[in-house]
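Please read the structure below before turning to the comments.
2 protein chains.
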Amino acid sequence: MDEDVLSTPGHLISQAARGFARLSEARLKPMGFGVGHLPVLVALGEGRADSQRGLARFAKIEQSSMAQMLNRMERDGLIRRVPDPSDGRSSLISLTDAALARMPEACEVLFQGNRDALAGFSDQEAAQLVDLLNRLIANLDRLVASPSEGE
Amino acid sequence: MDEDVLSTPGHLISQAARGFARLSEARLKPMGFGVGHLPVLVALGEGRADSQRGLARFAKIEQSSMAQMLNRMERDGLIRRVPDPSDGRSSLISLTDAALARMPEACEVLFQGNRDALAGFSDQEAAQLVDLLNRLIANLDRLVASPSEGE
DNA sequence: GTTTTATATATAGCTACCTATATAATGCAG
DNA sequence: CTGCATTATATAGGTAGCTATATATAAAAC
């Protein structure tokens, strides 16, 4: 009876996420990227954010997590931080040429990983999965914001 | 064009997994559990495994990850390890009374978390989500086993 | 009965998250 | 123009996973 706590969507999603992460990690590593880099690459590449805070909000992770992520990416030569002339607390973050050059390939690898993972899914099923996930995420965002569940 | 790499199932699943983990963590912590404990509790509680290797296989994580998990659970008084009399390399792992006593409540909390997260889902939609996730996981398991994708 | 191979666990070191707290610069009140 | 609140970043320490490698015991080969 308590066994099927492992058949709940929550547990299945965590397993799927680990599977995806392992696959993506394995494929991105040879080109010098990690699975957490992508939101940063996209945000910087499209000018959607250029501060640590902005990147954290874009990636929907905590500021402290982004700080460490950026430390690793700077160490690995993917980004660069220059002091913001208009705000002494802040740095302006930008992609290095190396990161920019390798980005399209990284995106392609991720798209391919998704195609591989969705093998056997009809277009309709893939679309439904995305829809259900988006609704789930919206619910979870609401719940984490106010941990008192229900309504 | 590369922005929607963040709208792929892979990325959405990772966001959903983090949301679930944060929610479950917050609710389990007050009763002394963590989100990774559940497979161990279930496996031990139902006699599905009693060695580290067996637990790792059951939980579908690596042996080294399970070793650390068990270290933390032992430290926190949730499990106990006694040397296996019939195999000098191995320990027999069992739940403490404290863990056993709190387990049903933990399962209930997780079931409730799933109900909360699936608010607005019809039964049919919830079932479809589970089905799609199971197929996704099967694909990913296959892919990780042989990283040479497609066919 | 040794020697080899396989298995069980342990350990080192990494990513990517988290919470909580400290520090420094900004901006606004007074 | 000073002092307080706010904001941006940094740091400490934790969980849960990973890979890779070491060690000890067991089992199989010879």
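If you read the protein sequences in the order shown, they are chains A and B.
Take 1 as the starting number for the first sequence in our numbering and just add one per residue.
Take 1001 as the starting number for the second sequence in our numbering and just add one per residue.
Just so you know, even glycine gets a beta-carbon here, dropped at the ideal spot from N, CA and C.
From a predicted model like this one, the values you see are computed outputs, not experimental measurements.
Classification of residue i by the beta-carbon crowding that lies within 10 angstroms, buried from 16 upward
{"i": "B/M1066", "result": "buried"}
{"i": "B/S1086", "result": "exposed"}
{"i": "B/R1053", "result": "exposed"}
{"i": "A/N59", "result": "Before going on, a small fix: residue 59 of chain A reads as Ala here, not Asn. A/A59 is buried by the Cβ-count criterion."}
{"i": "A/M31", "result": "exposed"}
{"i": "B/P1104", "result": "exposed"}
{"i": "A/L10", "result": "In the sequence under discussion, the amino acid at residue 10 of chain A is Gly, which differs from the Leu named in the question. Under this definition A/G10 is a buried residue."}
{"i": "B/A1099", "result": "buried"}
{"i": "B/A1145", "result": "exposed"}
{"i": "A/A49", "result": "buried"}
CB of residue i within 9 angstroms of CB of residue j, strictly
{"i": "A/I79", "j": "A/S51", "result": "no"}
{"i": "B/V1109", "j": "A/F111", "result": "no"}
{"i": "A/L133", "j": "B/A1127", "result": "no"}
{"i": "B/G1113", "j": "B/S1024", "result": "yes"}
{"i": "A/L140", "j": "B/R1022", "result": "yes"}
{"i": "B/S1014", "j": "A/V35", "result": "yes"}
Distance between beta carbons of residue j and residue i, contact taken as under 8 angstroms
{"i": "B/S1090", "j": "B/D1084", "result": "4 angstroms"}
{"i": "B/A1117", "j": "B/F1020", "result": "7 angstroms"}
Inter-residue Cα distance where the pair is residue i and residue j
{"i": "B/E1062", "j": "B/M1069", "result": "11 angstroms"}
{"i": "B/V1042", "j": "B/A1026", "result": "20 angstroms"}
{"i": "B/G1045", "j": "A/L143", "result": "30 angstroms"}
{"i": "A/L12", "j": "A/G88", "result": "45 angstroms"}
{"i": "B/A1125", "j": "B/A1106", "result": "Looking at the sequence provided, one finds Glu at residue 1125 of chain B rather than Ala. Computed Cα separation, rounded: 25 angstroms."}
{"i": "B/L1129", "j": "B/D1076", "result": "35 angstroms"}
{"i": "B/L1055", "j": "B/R1072", "result": "15 angstroms"}
{"i": "B/D1131", "j": "B/I1137", "result": "10 angstroms"}
{"i": "B/D1123", "j": "B/R1115", "result": "11 angstroms"}
{"i": "B/A1057", "j": "A/K29", "result": "What sits at residue 1057 of chain B in the sequence shown is Arg, not Ala. Each residue's Cα considered, the two are about 26 angstroms apart."}
{"i": "A/G150", "j": "A/G47", "result": "Bear in mind that the predicted position of A/G150 carries a pLDDT of just 41, short of 50, making it unreliable; the figure below should be weighed with that in mind. Between A/G150 and A/G47, the C-alpha separation is close to 38 angstroms."}
{"i": "A/L38", "j": "A/A101", "result": "14 angstroms"}
{"i": "A/R18", "j": "B/R1018", "result": "11 angstroms"}
{"i": "A/R81", "j": "B/R1081", "result": "49 angstroms"}
{"i": "A/V40", "j": "B/E1074", "result": "38 angstroms"}
{"i": "B/L1095", "j": "A/S64", "result": "35 angstroms"}
Next on the checklist: Just to confirm the assignment: which complete beta strand (DSSP E) runs, minimum length 3, are found wholly within the region 15-87 of chain A?
Outcome noted: 79-83
Checklist entry - For the region 1086-1139 of chain B, which segments carrying the alpha helix (DSSP H) assignment without a break, of at least 4 residues, lie completely within its bounds, in sequence order? => result 1097-1117
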